[in-house]
Amino acid sequence: MLRHLVLFKLNEGVTRDDPRVIAGARAFEELGGLIPDLRSWECGWNIADRPIAYDFAINSSVDDAEALQRYLEHPAHQAGVALWKEFSTWVMADYPF
Numbered sequence: 033m034l035r036h037l038v039l040f041k042l043n044e045g046v047t048r049d050d051p052r053v054i055a056g057a058r059a060f061e062e063l064g065g066l067i068p069d070l071r072s073w074e075c076g077w078n079i080a081d082r083p084i085a086y087d088f089a090i091n092s093s094v095d096d097a098e099a100l101q102r103y104l105e106h107p108a109h110q111a112g113v114a115l116w117k118e119f120s121t122w123v124m125a126d127y128p129f
């Protein structure tokens with residue numbers, strides 16, 4: 033199994049109530065039910081008020097590297113990424129567990 037972890041930081045001046053952000057969060061919330069290769073899917077807004085904190089997180093798992101690649105290439109994932117590119121930056125890690 034592989035864990036796919038992504039942390040998003042909203043760009044300067046962008047807030048959670050921005051319509052683009054709302055649409056992006058909704059797109060990622062729906063991904064768990066749209067992509068068969070996902071074994072687990074969690075996403076949500078950060079609740080910690082710390083300067084080093086990111087704003088939004090995705091925590092998911094897939095069976096293997098091939099499943100991860102199919103997830104990354106899936107049209108629903110690509111559509112969500114296109115939305116988030118407009119208003120955020122992110123870091124990610126993929127690791128076996």
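Using the working numbering, the letters of the sequence shown map in sequence onto residues 33 to 129. All C-beta atoms in this analysis are idealised placements derived from N, C-alpha and C, irrespective of residue type, glycine included. For clarity, every value in this text was computed on a predicted model and none was experimentally measured.
DSSP state of residue i mapped onto helix, strand, coil
{"i": "VAL123", "result": "strand"}
{"i": "HIS106", "result": "coil"}
Residue i versus the options, residue with shortest Cα-Cα distance
{"i": "ALA111", "options": "GLN101, ILE79, LEU63, ASN43", "result": "LEU63"}
{"i": "HIS36", "options": "ALA57, LEU100, LEU42, THR121", "result": "LEU100"}
{"i": "ARG52", "options": "ALA114, PRO128, ILE79", "result": "ALA114"}
Local Cβ density within 10 Å of residue i, reported as buried at 16 or more and exposed below that
{"i": "ILE84", "result": "exposed"}
{"i": "ILE54", "result": "exposed"}
{"i": "TRP77", "result": "exposed"}
{"i": "PHE60", "result": "buried"}
{"i": "TYR127", "result": "exposed"}
Cα-Cα separation between residue i and residue j, rounded to whole angstroms
{"i": "VAL123", "j": "PHE40", "result": "7 Å"}
{"i": "TYR24", "j": "GLU44", "result": "This structure cannot settle anything about residue 24, because the visible part of the chain is limited to 33 through 129."}
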